[in-house]
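To keep things clear, I will list the structure first and then write my remarks on it.
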Amino acid sequence: MTPINVRRWAWVHKWSSLVCTVFMLLLCVTGLPLIYHHEIDHLLGNAIEAPAMPATTPKASLDDVIAAGKALYPNKMAMYLSQEADDPSIWFLTMGDNPTDEKFKSIAVDARTAKVLGEPSFEGSFLGVMFHLHVDLYAGLWGKLFLGFMGLLLVIAIISGVVLYAPFMRKLEFGEVRRERGPRVKWLDLHNMLGIVTLTWALVVGATGMINTWADLMLKYWQYTEMADMVAPYKGLPPPTQLGSMQKSLEHAVAAEPGMKIGFVAFPGTPFTSPHHYGIFMRGDEALTSRLYKPVLIDAQTTEITDRRELPWYLTALLISQPLHFGDYGGAWMQFLWAALDVITIFVLGSGLYLWLKRGAPAPARSAVVEAKEEEEVTA
1 MTPINVRRWA WVHKWSSLVC TVFMLLLCVT GLPLIYHHEI DHLLGNAIEA
51 PAMPATTPKA SLDDVIAAGK ALYPNKMAMY LSQEADDPSI WFLTMGDNPT
101 DEKFKSIAVD ARTAKVLGEP SFEGSFLGVM FHLHVDLYAG LWGKLFLGFM
151 GLLLVIAIIS GVVLYAPFMR KLEFGEVRRE RGPRVKWLDL HNMLGIVTLT
201 WALVVGATGM INTWADLMLK YWQYTEMADM VAPYKGLPPP TQLGSMQKSL
251 EHAVAAEPGM KIGFVAFPGT PFTSPHHYGI FMRGDEALTS RLYKPVLIDA
301 QTTEITDRRE LPWYLTALLI SQPLHFGDYG GAWMQFLWAA LDVITIFVLG
351 SGLYLWLKRG APAPARSAVV EAKEEEEVTA
């Protein structure tokens with residue numbers, strides 16, 4: 001590392017950090033409550049829970065679940081049907097005026113009795129605001145892509161910070177904080193120490209967050225390639241006027257993919273399927289495979305399977321990156337670790353901003369002992 005190279009890397013680190021710091025602080029602050037979104041929902045009384053019943057209670061037909069939603073909103077159509085991975089007692093039915101309605105209604109229906117339990121209120125809630133600020137800044141796809149670019153700058157800042165760490169810390173013990181040199185040097189040492197401690201976590205979360213911002217583009221590409229090939233035999237046919245049984249469709253999908261569970265169901269016309277098909281997305285039942293989906297297309301009239309295949313590698317990478325980003329795959333201890341590292345990263349970002357704001361401040365007077373020690377180091 002020649003002095004010229006050090007200056008170049010310092011320039012890259014400074015400007016990549018400065019441009020993204022404010023937005024990274026926003027993402028860290030808004031991401032913190034999202035780690036505990038289930039617990040916060042319960043605390044605020046917004047969570048919908050199914051009544052306790054014996055584990056042997058049979059499940060209601062999905063046709064009855066859909067009928068319960070349509071009875072509540074007779075003029076709307078079903079869009080999606082899903083369950084929480086750890087709570088199969090509730091079906092969440094999404095209904096809208098059209099297959100891509102952004103002002104949809106979400107309805108919680110008891111999976112055993114097919115009775116409506118309530119309507120989750122997410123938009124406008126505290127967690128809803130945190131989610132939109134964290135995901136797209138209320139700016140849709142362009143907001144996601146902008147935050148993805150900020151994530152790229154964060155990755156560059158981390159890598160350049162690692163390159164600079166060795167030459168700047170070669171005379172110090174790991175974790176040493178020079179308090180006698182004034183507040184700015186103390187904050188610099190704390191910034192370097194905590195930055196290197198959180199290095200791996202920040203790099204993983206930053207990189208996976210950047211990948212997640214490309215989700216809409218990946219989905220569009222999948223629709224125009226894989227999905228278009230799967231529904232090609234139906235091209236040019238008029239959409240069905242009457243839909244077949246969702247319960248039979250589900251049974252056919254489960255029989256075709258033994259050992260897998262229902263992830264979610266997309267109704268005809270939604271982005272995850274075609275106007276002629278139910279899209280039933282199966283998932284595994286283990287920690288990793290529960291995040292990976294396999295689409296099974298069902299003819300919406302005959303309820304027979306027309307195609308099923310694995311997702312392409314880029315969507316698999318996206319799905320694997322999501323639990324790494326949110327830390328929601330390892331229970332309470334993983335949540336605590338993610339939250340603690342998030343708080344430390346907020347300190348690292350804030351200290352970096354402080355160091356830049358104080359860059360022009362005059363250095364405090366130093367003692368003769370310190371100056372003599374520095375002179376000895378220079379002489380040596």
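Residue numbering for the sequence shown follows the UniProt record's numbering, beginning at 1 and increasing consecutively.
Using N, Cα and C, we set each Cβ at its ideal position, and we do this for glycine too.
Predicted, not measured: the structure shown is a model, and the values here were computed from it.
- prompt: Which class does residue 33 belong to by DSSP, given the choice of helix, strand or coil?
  reply: helix
message: Just to confirm the assignment, what range does the alpha helix (DSSP H) spanning residue 215 have?
response: 215–222
- prompt: Within this structure, are the beta carbons of residue 342 and residue 128 separated by less than 8 Å?
  reply: no
message: Give me the DSSP bridge partner(s) of residue 3.
response: For residue 3, which the question treats as bridged, DSSP gives no partner whatsoever.
query: Where does residue 294 fall in DSSP's three states?
result: strand
message: With DSSP as the reference, identify every bridge partner of residue 116, one or two as the case may be.
response: 109
task: Mind listing, in chain order, the continuous beta strand (DSSP E) runs of no fewer than 3 residues lying wholly within the segment 216–276?
output: 261–266
- prompt: Could you give the residue range of the alpha helix (DSSP H) that holds residue 354?
  reply: 331–357
message: Assuming residue 79 is part of the beta strand (DSSP E), what are its boundary residues?
response: 77–84
message: Quick check: what's the CA-CA separation for residue 382 versus residue 266?
response: Because the chain spans 1 through 380 in this model, residue 382 falls outside it and cannot be assessed.
message: Give me the DSSP bridge partner(s) of residue 421.
response: Limits of the chain in this structure are 1 at one end and 380 at the other, which puts residue 421 out of reach.
message: Give me, in chain order, the residues of the same chain whose beta-carbon lies closer than 8 Å to that of residue 40; leave out the 5 immediate sequence neighbours on both sides.
response: 33, 126 and 127
message: According to DSSP, is residue 140 part of a helix, a strand, or is it coil?
response: helix
task: Assign residue 21 to one of three DSSP states: helix, strand, or coil.
output: helix
task: Ignore the nearest five residues each way along the sequence and tell me which others in residue 307's own chain have a CB closer than 7 Å to its CB.
output: 230 and 297
message: Just to confirm before moving on: does the CB-CB distance between residue 58 and residue 112 stay below 8 Å?
response: yes
- prompt: Among residues of its own chain, excluding the 5 on either side of residue 188, which ones have a beta-carbon nearer than 7 Å to its beta-carbon?
  reply: 355
- request: Examine the Cβ distances between the segment 13–30 and the segment 148–159 and report whether three or more of them are shorter than 8 Å.
  value: yes
- prompt: Using the beta-carbon count (16 or more within 10 Å), is residue 300 buried or exposed?
  reply: buried
- request: Report all residues from its chain with a CB closer than 7 Å to the CB of residue 195; omit the five preceding and five following residues, and keep chain order.
  value: 161 and 348
message: Within 8 Å of any Cβ in chain C, is that where the Cβ of residue 306 sits?
response: Absent from the structure: chain C. Only one protein chain is present.
message: Just to confirm my understanding: we take residue 1, look at its own chain, exclude 5 residues before and 5 after, and list those with CB closer than 7 Å. What are they?
response: 167
Cβ neighbour criterion (16 or more within 10 Å) applied to residue 272: buried
query: Do the segment 307–321 and the segment 212–231 touch if we need at least three Cβ pairs shorter than 8 Å?
result: yes
task: With a threshold of 16 other CB atoms inside 10 Å of the CB of residue 258, please say whether the residue is buried or exposed.
output: exposed
query: In angstroms, rounded to a whole number, what distance separates the CA positions of residue 292 and residue 216?
result: 17 Å
C-alpha distance - residue 3 paired with residue 9, whole-angstrom precision: 10 Å
message: Spatial neighbours of residue 115 within its chain, please: C-beta separation below 8 Å, excluding the five flanking residues on both sides.
response: 68 and 109
query: DSSP on residue 122, reduced to helix/strand/coil?
result: coil
- request: For the beta strand (DSSP E) containing residue 307, list its first residue and its last residue.
  value: 305–308
message: Is it buried or exposed, residue 239, if we count other Cβ atoms within 10 angstroms and call 16 or more buried?
response: exposed
field: Option nearest residue 29 by Cα separation, candidates 256, 65, 338 and 357
entry: 338
field: Contact set for residue 89: own chain, Cβ-Cβ below 6 Å, skip 5 residues either direction
entry: 50 and 111
Spatial neighbours of residue 135 in its chain, beta-carbon cut-off 7 Å, leaving aside the 5 residues before and after: 144
- prompt: Is it the case that the Cβ atoms of residue 107 and residue 123 are separated by a distance below 8 Å?
  reply: no
field: Sequence-distant residues of the same chain with beta carbon closer than 7 Å to residue 218, five excluded per side
entry: 314, 315 and 318
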